[in-house]
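Beneath this line is the structure, given in structure tokens, with notes to follow.
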Amino acid sequence: AQKITQTQPGMFVQEKEAVTLDCTYDTSDPSYGLFWYKQPSSGEMIFLIYQGSYDQQNATEGRYSLNFQKARKSANLVISASQLGDSAMYFCAMREGNQAGTALIFGKGTTLSVSS
Amino acid sequence: NAGVMQNPRHLVRRRGQEARLRCSPMKGHSHVYWYRQLPEEGLKFMVYLQKENIIDESGMPKERFSAEFPKEGPSILRIQQVVRGDSAAYFCASSWDRATDTQYFGPGTRLTVL
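Going line by line, the protein sequences match chains A and B. Position 34 (the first sequence) corresponds to 34 in our numbering; numbering is contiguous. Position in the second sequence counted from 1, then plus 1000, gives you our numbering.
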């Protein structure tokens, strides 16, 4: 079974609209971390937002928020007020356990296209 | 504070040659990770190192691939006798030493094997 599942290969949104990118995860470890990264066409990986499994509140970073539903094992990324520069590939990733130096497990990604 | 640096950004090798990829972590970071991204795929973990130690190489192919993080200088990912299937983007990430620390990625090295 896949540890991280991103079911939307591609998403389309108009400027200034909000968009939700889906991510579900699978782990039996009670302690884990969830991350979202953005990969624009230039290829670099940009960290966006982090949610710890014990965090009581959903994480927010500017226009990014993480809709964390622990019982459903989902960690969807919400981008508010989309901009043309948001067009990129978005990856959800998980770190299992709470040890420093644990590798991240990535989903296959979702391509977001923002149009004017 | 400079981010994670990788060089070269692009590397072309012919089959059978060696590829050396370099990574300098963010200042103050003591953990280095290497990941590989095949076309249209997410990143796959290869190896995790601290200074002078390989901590976890469970994602590294058993042959031709090696990694080091010496006391001085950058971390090196070395691929000997490259084959076409090694063509990919190789990313280095670094983190500090706390359990919840985020891994910050470098810009990647795109390896093309002719």
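Note that CB positions come from ideal geometry on N, CA and C, so glycine has one too. Since this is a predicted model, take the numbers as computed values, not measurements.
Nearest neighbour of residue i, chosen from the options [CA to CA]
{"i": "aspartate 26 of chain A", "options": "A:Ala75, A:Arg63, A:Ser80, A:Glu44", "result": "A:Ala75"}
{"i": "phenylalanine 1105 of chain B", "options": "B:Glu1052, B:Ala1093, B:Gln1080", "result": "B:Ala1093"}
{"i": "lysine 70 of chain A", "options": "A:Leu34, A:Thr7, A:Lys16, A:Ser116", "result": "A:Leu34"}
{"i": "aspartate 1086 of chain B", "options": "B:Met1005, B:Leu1021, B:His1029", "result": "B:Leu1021"}
{"i": "tyrosine 50 of chain A", "options": "A:Ser41, A:Ser42, A:Val78, A:Pro40", "result": "A:Val78"}
{"i": "tyrosine 64 of chain A", "options": "A:Ala18, A:Gly10, A:Val13", "result": "A:Ala18"}
{"i": "glycine 1028 of chain B", "options": "B:Trp1096, B:Ser1066, B:Leu1114", "result": "B:Trp1096"}
Interface flag, residue i vs chain B, CB-CB below 8 Å
{"i": "phenylalanine 91 of chain A", "result": "yes"}
{"i": "alanine 100 of chain A", "result": "yes"}
{"i": "phenylalanine 35 of chain A", "result": "yes"}
Paired residues, beta bridge with residue i - DSSP
{"i": "alanine 1019 of chain B", "result": "B:Ile1079"}
{"i": "methionine 45 of chain A", "result": "In the DSSP output, where bridge partners are listed per residue, methionine 45 of chain A has none listed."}
{"i": "tyrosine 1033 of chain B", "result": "B:Tyr1048, B:Ala1093"}
{"i": "alanine 38 of chain A", "result": "Inspection of the sequence shows that residue 38 of chain A is occupied by lysine rather than by alanine. Note: lysine 38 of chain A sits in a beta bridge opposite A:Ile46, A:Tyr90."}
{"i": "alanine 1067 of chain B", "result": "B:Leu1077"}
Cβ-Cβ separation, residue j to residue i (assumed contact under 8 Å), whole Å
{"i": "glycine 1042 of chain B", "j": "glycine 43 of chain A", "result": "With a Cβ gap of about 14 Å, glycine 1042 of chain B and glycine 43 of chain A do not count as contacting."}
Proximity test, Cβ basis, 8 Å: residue i and chain A
{"i": "valine 1055 of chain B", "result": "Note that residue 1055 of chain B is isoleucine in the sequence shown, not valine. Chain A, which has a Cβ nearer than 8 Å to the Cβ of isoleucine 1055 of chain B, makes this yes."}
{"i": "alanine 1166 of chain B", "result": "The structure shown does not extend to residue 1166 of chain B, since chain B is modelled only from 1001 through 1114, so no value can be given for it."}
{"i": "phenylalanine 1045 of chain B", "result": "yes"}
Output needed in chain order: residues of the region 1007-1041 of chain B with a Cβ under 7 Å from some Cβ in chain A.
His1031, Tyr1033, Glu1041
Short-range partners of chain B found in the region 102-114 of chain A, where Cβ spacing is below 7 Å
Ala103, Leu104, Phe106, Gly107, Lys108, Gly109
Could you name the residues of the region 41-57 of chain A whose beta carbon sits closer than 7 Å to any beta carbon of chain B, in the order they occur along the chain?
Gly43, Glu44, Met45, Phe47, Tyr50, Gly52
Closer than 7 Å, Cβ to any Cβ of chain B: which residues of the region 65-92 of chain A, in chain order?
Phe91
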